[in-house]
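Here is the structure we will look at, set down as structure tokens.
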Amino acid sequence: MAHVHAMSVVHPAAKLAPDVEVGPFCTVGEGVILGAGCKLISHVVIDGDTQIGTGNAFFPFCSIGLASQDKKYANEPTKVVIGNDNVFRESCTVHRGTVQDRGLTTIGSRGLFMAYAHVAHDCTVGDDVILANAATLGGHVQVGNWAILGGLAGVHQFCRIGEHAMVGGASCVLQDVAPYVLGQGNPFSLSTVNSEGLKRRGFSAEAVTTVRNAFKTVFRNNLTLKEAIAALETEMLTSSVDATAALLPLVAFLQTPGRGLAR
0 MAHVHAMSVV HPAAKLAPDV EVGPFCTVGE GVILGAGCKL ISHVVIDGDT
50 QIGTGNAFFP FCSIGLASQD KKYANEPTKV VIGNDNVFRE SCTVHRGTVQ
100 DRGLTTIGSR GLFMAYAHVA HDCTVGDDVI LANAATLGGH VQVGNWAILG
150 GLAGVHQFCR IGEHAMVGGA SCVLQDVAPY VLGQGNPFSL STVNSEGLKR
200 RGFSAEAVTT VRNAFKTVFR NNLTLKEAIA ALETEMLTSS VDATAALLPL
250 VAFLQTPGRG LAR
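With numbering that gives the first Met the number 0, the residue at position 111 of the sequence shown is 110, and numbering never jumps.
Given below as structure tokens:
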């Protein structure tokens, strides 16, 4: 049986794995599922139809799975799904989806959500993501694997942050941020490729060079987006396996409509 502190309230219908630890002054609602190894340190609220995987840690004053702040939300049955081994530091907030979208907010695995980070309704957050202190995602935002948002960064609703992208602290993101890039500012502007991050994650030297060249094609050669995509597609026809694997996510991202590309 899960270890629940006497000063916490867990609904009898909530499903907690036997080794879940619920510290003092927590509230766990009826529709909550907590996987093995999850820890609620203290003063944590998890409610709604919220499914949480294994090994997640929730620090004091986290609020997970509560109703969306979207004014159109009328208490329809929507949910939150969170993967494994995430850390949610003090006062993080994650809200349920809305029926105007998928009705679902999702977070992958191994993420770090620092104090006061906010994941709004209908967001899709990938694996190994970092949201630094008070980073904020508006509704319907998509964040790719390994992306990093600096402290106080804000992302406008419906924007996309590509995988391995890095957004500097206090940035205001109003358009889509392509995979692999690094930038900052209000409004956000591109600086270069997140080369150091790619090296740390095992990208080969050839792949990093390919990404750098692709960055020039898309952002520095005065091509239209259509022309840049065509150039990258042509390059993939003769590229090595490593180079093609690096280009595929970028081309797919550029081909997908969004809020316009930050260039």
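Virtual Cβ for every residue (Gly too), placed ideally from N, Cα, C.
On the DSSP bridge list, what partners appear for residue 8? DSSP lists 26 as partners of residue 8.
Is the region 171 to 183 close to the region 191 to 201, with three or more CB pairs under 8 Å? With the cut-off at 8 Å, the region 171 to 183 and the region 191 to 201 touch.
Straight-line Cα distance separating residue 175 from residue 138: In a straight line, the C-alpha of residue 138 is about 14 Å away from that of residue 175.
Given this structure, state the Cα-to-Cα distance separating residue 206 from residue 46, to the nearest angstrom. Approximately 43 Å between the Cα atoms of the pair.
Hey, would you say residue 253 sits closer than 8 Å to residue 224, going by beta carbons? Contact: yes.
State the DSSP-derived secondary structure class of residue 235, mapped to helix, strand or coil. Reduced to three states, the DSSP call for residue 235 is helix.
Could you check whether the region 50 to 59 touches the region 79 to 86, counting it as contact only if at least three pairs of C-beta atoms, one from each stretch, sit closer than 8 Å? Taking 8 Å as the limit for Cβ pairs, the verdict is that the region 79 to 86 does touch the region 50 to 59.
CB-CB under 8 Å to residue 197, same chain, minus the five flanking residues each way: which ones, in chain order? Within the same chain, and ignoring the five residues on either side of residue 197 in sequence, the residues whose Cβ sits closer than 8 Å to its Cβ are 163, 179, 206, 207, 210.
For the beta strand (DSSP E) containing residue 241, name the first residue and the last one. Per DSSP, residue 241 lies in no beta strand (DSSP E) segment; the continuous alpha helix (DSSP H) that holds it begins and ends at 240 to 254.
Quick check: the Cα distance between residue 167 and residue 151, rounded to an integer number of angstroms? The alpha-carbon of residue 167 is positioned some 9 Å away from that of residue 151.
Alpha-carbon spacing of residue 269 relative to residue 169, whole angstroms: Any question about residue 269 goes unanswered here, given that the chain covers just 0 to 262.
Rounding to the nearest angstrom, what Cα-Cα distance links residue 239 and residue 71 in this structure? Per the coordinates, the alpha-carbon of residue 239 lies some 49 Å from the alpha-carbon of residue 71.
Do you know whose CA, among 259, 26, 145, 41, lies nearest residue 158's CA? Between residue 158 and the set 259, 26, 145, 41, the nearest pair of CA atoms involves 259.
If you draw a straight line from the C-alpha of residue 101 to the C-alpha of residue 36, how long is it? When rounded, the distance between both Cα atoms is 29 Å.
On the DSSP letters alone, give me the boundaries of the alpha helix (DSSP H) that residue 210 sits inside. Unbroken alpha helix (DSSP H) run through residue 210: 204 to 218.
Can you tell me whether DSSP reads residue 1 as helix, strand or coil? Three-state DSSP puts residue 1 in coil, outside helix and strand.
Grouping DSSP H, G and I as helix and E and B as strand, with all else coil, what is residue 41? Coil at residue 41, not helix or strand.
Distance, Cα to Cα, residue 28 vs residue 3? The straight-line gap separating the alpha-carbon atoms of residue 28 and residue 3 is approximately 14 Å.
Quick one: what's got a C-beta closer than 7 Å to residue 243's C-beta in the same chain, skipping five residues either side? Only residues of its own chain outside the window of five on either side were considered, and among them 235 have a CB closer than 7 Å to the CB of residue 243, listed in chain order.
Of the listed residues 59, 127, 214, nearest to residue 24 (C-alpha basis): It is 59 whose Cα lies nearest to the Cα of residue 24.
Thinking residue 16 and residue 33 are a contact (beta carbons under 8 Å), I'd like their distance in whole angstroms, please. Yes, they are in contact, since the Cβ atoms of residue 16 and residue 33 sit about 6 Å apart, within 8 Å.
Got a sec, what are the start and stop residues for the beta strand (DSSP E) residue 198 sits in? Per DSSP, residue 198 belongs to no beta strand (DSSP E); it is in the alpha helix (DSSP H), 194 to 199.
Other residues of its chain near residue 250: CB distance less than 8 Å, five sequence neighbours each side excluded: 228, 231, 232, 235.
Secondary structure of residue 75, DSSP reduced to three states: In the structure shown, residue 75 sits in coil (DSSP, three-state: anything other than H, G, I, E or B).
Spatial neighbours of residue 214 within its chain, please: C-beta separation below 6 Å, excluding the five flanking residues on both sides. Once the five neighbours on either side are set aside, the close Cβ partners of residue 214 are 192.
How many angstroms separate the CA atom of residue 199 from the CA atom of residue 1? Each residue's Cα considered, the two are about 38 Å apart.
Applying the 10 Å Cβ sphere with the 16-neighbour rule, what's the burial state of residue 96? Residue 96 should be labelled buried.
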